[in-house]
Amino acid sequence: MNRKQITIFEYDSLIVNEKYNGILFEKKHLDALEIYFGDGKYKPNTFLNLSQLTKLTADKNSFPFYTLVRNGVRFCQFVGVLQLKDLVIEVLPKADRSWNVESEKEEKDSWRNLLIKMLQVVNAFDVNATSFSSLKLLPNSFLDIYYELFIIEIETLLHKGLIKQYREIEDNKKSLSGNLIFSKQIQYNLVHKERFYVHTTEYDTQHHLHAILYKTLKVLQQTNGLQALKSRINRLLMNFPELNNVNVMESTFDKINLNRKTQPYKLSLLISKMILLNFHPDVITGVDEVVALMFDMNALWEKFVFHSIKSNPLFEIEDQKVAKFWKSNNQTKSYFKADIFIKYLTKNYVLDTKWKNMNDDKPSNDDLRQMFAYLHYYNAKKTALLYPDKNEKIITGNYHHRLHDKKDEECSLLKIPVQKDIREWQEKINEHIENWITKT
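Start counting the sequence shown at 171; every next residue gets the next number (my numbering).
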C-alpha cells in the first residue's frame, strides 16, 4: 500500500478532518503530534545532526517545528518532513510564491527541488558528487533521500567488497586453536575430551560496523514506503552477511573510530545513526512514533548566502564571526555573532540574513538595533539586512545620529529574487552583494 503524504508550505496549518492535496488529516495524526510536542521542550534525538547540519538545527531550549492550535497544528520557519506511522507531512519553504507555474503540484515540486539543492550547496547531505548524482530525486520526502543515499552507499560497499576485521570470540571447538579457558573447559567439557573451550580471534565480516548497517537495512525494510526502494533493500539483505541483532545507543556510535580502511563507511554510519536513534523501537518509547527531519530556513538561508559568496576573490569572508559584547564581575560573558562578516580592502561590512517576506520595506526595530550594534562592535563601514523577494533592490537606510556633527551610519536593505536555477541564484546573490559593497 502506498504511503500517504501531505505537502504544505511553512507557516501553513493542518486542521483535523480537512483534506490537503486529497489526503485527510485525522485526529490520530494530531494526537501523535501532540504527544511528540509534549511540553514543547527540545527533544535531543529528533534533529538530524550530520556534519554541516549542526548549525541548521533548532536551539536546544525550544521545540519550534510547530505550535498547537485549535484542532490542529501550525508550522513555522522549519521545513522538511515529519513521518508518522501512516502519514508523511512535508513542509516546504514559502518565500516568494509568485513563480509562473501551471499548477500547485508544479509549484511544490519546484520548491522541493530548490530546497534539496540548497541543502546540497551547504553540504547538508555530506555526500560526494557521485552518490548525489545517483539519486532519482523524485517528488517524495526528504527521508526518502536519506534512505536512498543509504542504499546507494551499501550497494557501493558491497560492490567494492565488505572489509574484514579481527574480533574476539569464545567458542567450544573440536580443535585447539587459541587460548584454552580452563574454567570453562572443566565446566563444559569434563566428559567431552574431544572439545576445547578457547578464546581466539576471527578475521571476517562479522563485526560491529556491519551489525549496525544490517540492523538499519532491517529497519528500512519495515518502515520504507516506496516500492522501488523496497526491492533494492531486499536485494541488499540477500547479499549482506546475516548478523545478530545489536542494541544501538548514542554511545554505540561515539565509540566508533574510523581509520583509513573504514573511512568509506562514514556516510552509511551517519545515516544509520539518524535512522536508528530517531525512531527504531529499541531506542524510542511511546505509543505513536514521529520521525523528524527538519531544517531551520533562517540558518539554511544564512549558510546558503555564505557559500554563494565565499569564493569571491575581492573579499575576505567569515560566517558566524564572534565579538565580545559584555562581561560581569563574576566572569559571565555575552557575545555577538554576525551572520556574515566581509572585509573589502581595509573596510569591514556585516550582513544579516533574514528568510522572510518584507512587503513594506520596513525592518523590525529589533533587527535595526542589532545592526546598529554590529556597526560599532565590528567597526563596520556599513551593514545590511538581506531578504528573499520578488524584485532585486538595494534600499539605502541610515541611522540618525543624536550628535549632528556626526556622519549618519548606514544599514541598508538588500532584496534578491529567488531563482529556480540554483547556480543562477548564487551568481545573482554574489553580484548583488558585491554591488552593495563596492558602490560609493
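Virtual Cβ for every residue (Gly too), placed ideally from N, Cα, C.
Residue j and residue i - do their beta-carbons sit closer together than 8 Å?
| i | j | result |
| --- | --- | --- |
| Phe-423 | Val-292 | no |
| Val-368 | Leu-350 | yes |
| Phe-235 | Ala-462 | yes |
| Asp-489 | Phe-476 | yes |
| Ile-445 | Thr-386 | yes |
| Arg-337 | His-377 | yes |
| Tyr-548 | Ala-493 | yes |
| Arg-282 | Leu-252 | no |
| Val-243 | Gln-175 | no |
| Ile-607 | Tyr-544 | no |
| Glu-604 | Leu-484 | yes |
| Ser-280 | Lys-598 | no |
Taking just the CA atoms, how far does residue j sit from residue i?
| i | j | result |
| --- | --- | --- |
| Lys-189 | Thr-177 | 11 Å |
| Phe-542 | Glu-180 | 30 Å |
| Ile-441 | Glu-323 | 10 Å |
| Ser-347 | Lys-334 | 20 Å |
| Glu-204 | Leu-238 | 7 Å |
| Gly-250 | Met-528 | 23 Å |
| Trp-595 | Asp-509 | 19 Å |
| Lys-213 | Val-460 | Residue placement at Lys-213 cannot be trusted, given a pLDDT of 47 that sits under 50; the coordinates are not used to answer. |
| Thr-326 | Ser-504 | 47 Å |
| Val-186 | Glu-580 | 48 Å |
| Phe-495 | Thr-502 | 11 Å |
| Leu-383 | Glu-318 | 14 Å |
| Glu-277 | Asp-182 | 15 Å |
| Glu-486 | Lys-563 | 24 Å |
| Ile-454 | His-546 | In this prediction, Ile-454 scores a pLDDT of 34, lower than 50, which makes its location untrustworthy; the coordinate-derived value is nonetheless stated afterwards. C-alpha separation (whole angstroms): 48 Å. |
| His-199 | Leu-285 | 25 Å |
| Lys-264 | Ile-193 | 21 Å |
| Arg-593 | Gln-540 | 31 Å |
| Leu-413 | Thr-375 | 10 Å |
| Lys-552 | Lys-517 | 9 Å |
| Asp-537 | Lys-524 | 10 Å |
| Met-408 | Leu-332 | 14 Å |
| Lys-526 | Phe-410 | 47 Å |
| Thr-371 | Asn-241 | 60 Å |
| Tyr-206 | Leu-184 | 16 Å |
| Glu-196 | Leu-447 | 27 Å |
| Asn-342 | Asn-359 | 9 Å |
| Ile-339 | Tyr-373 | 11 Å |
| Leu-439 | Leu-515 | 44 Å |
| Asn-468 | Gln-247 | 7 Å |
Mapping the DSSP letters down to three states, classify residue i as helix, strand or coil.
| i | result |
| --- | --- |
| His-362 | coil |
| Leu-390 | helix |
| Thr-216 | Only weak support exists for where Thr-216 lies, its pLDDT of 38 falling under 50; the value from the coordinates is given anyway. Coil at Thr-216, not helix or strand. |
| Ala-554 | strand |
| Glu-318 | helix |
| Glu-180 | coil |
| Phe-195 | coil |
| Pro-411 | coil |
| Ser-582 | strand |
| Gln-589 | coil |
| His-546 | helix |
| Thr-237 | strand |
| Val-251 | strand |
| Val-291 | helix |
| Ile-454 | Residue confidence for Ile-454 is low, a pLDDT of 34 falling below 50, so the modelled location carries little weight; the figure read from the coordinates is stated next. DSSP places Ile-454 in coil when its eight states are reduced to three. |
| Asn-342 | strand |
| Thr-326 | helix |
| Asn-429 | coil |
| Asn-561 | coil |
Counting pairs of beta carbons, one from the segment 476–484 and one from the segment 410–429, are three or more of them closer than 8 Å? The segment 476–484 vs the segment 410–429: no contact.
Quick one: which unbroken alpha helix (DSSP H) runs of 4-plus residues sit fully inside the segment 462–531? Chain order, please. 467–479
Segment contact, 8 Å Cβ cut-off, at least three pairs: the segment 351–358 with the segment 387–395: no
Is the segment 545–563 touching the segment 583–592, taking contact as three or more C-beta pairs under 8 Å? yes
When the Cβ atoms of the segment 426–446 are set against those of the segment 400–411, are three or more pairs found closer than 8 Å? Per the Cβ contact rule, the segment 426–446 is not in contact with the segment 400–411 (fewer than 3 Cβ pairs under 8 Å).
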